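Let me begin by presenting the structure, written as structure tokens, before commenting on it.
Numbering (my numbering), first residue to last: 153 to 234.
Written out as structure tokens, the structure reads:
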């Protein structure tokens, strides 16, 4: 199983949609809430070079933007057909 980190903020519909997708695909992930956690925010910025959640990192692949942009790329990274 790949190493998956999901950077989120509270009350984010796209973040929730990505979490549901990963759970549906039985893909364990580590969630890091970047709001109020300067370390998690700095880590997200260093790894993804972006400042806005959601950011999904699967092994060395970085995906960001709305759920609609990330969905097919996440599934491809998980080896699923889109």
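Every residue, glycine too, gets a C-beta built ideally from N, C-alpha and C. Computed from a predicted model, the values in this text were never measured in an experiment.
Extent of the continuous beta strand (DSSP E) run through residue 183: In the chain shown, the residue the question calls residue 183 occupies position 31. Start and end: 182-185.
Beta-carbon proximity list for residue 230, same chain, < 8 Å, skipping 5 on both sides: Residue numbering aside, residue 230 sits at position 78 when the chain shown is read from its first letter. Excluding sequence neighbours, residue 230 sits near 154, 177, 179, 210.
7 Å CB neighbourhood of residue 213 in its chain, flanking five on each side removed: The residue given as residue 213 occupies position 61 in the chain shown. Counting only residues of its own chain and dropping the five nearest sequence neighbours on each side, residue 213 has a CB closer than 7 Å to the CB of 229.
Through-space distance from residue 219 to residue 169, alpha-carbon basis: The residue given as residue 169 occupies position 17 in the chain shown. The residue given as residue 219 occupies position 67 in the chain shown. Distance between the alpha carbons of residue 169 and residue 219: 7 Å.
Inter-residue CB distance, residue 185 and residue 157 (contact presumed, cutoff 8 Å): As a position in the chain shown, residue 185 is number 33, starting the count at 1. As a position in the chain shown, residue 157 is number 5, starting the count at 1. No, residue 185 and residue 157 are not in contact; Cβ-Cβ is about 12 Å, not under 8 Å.
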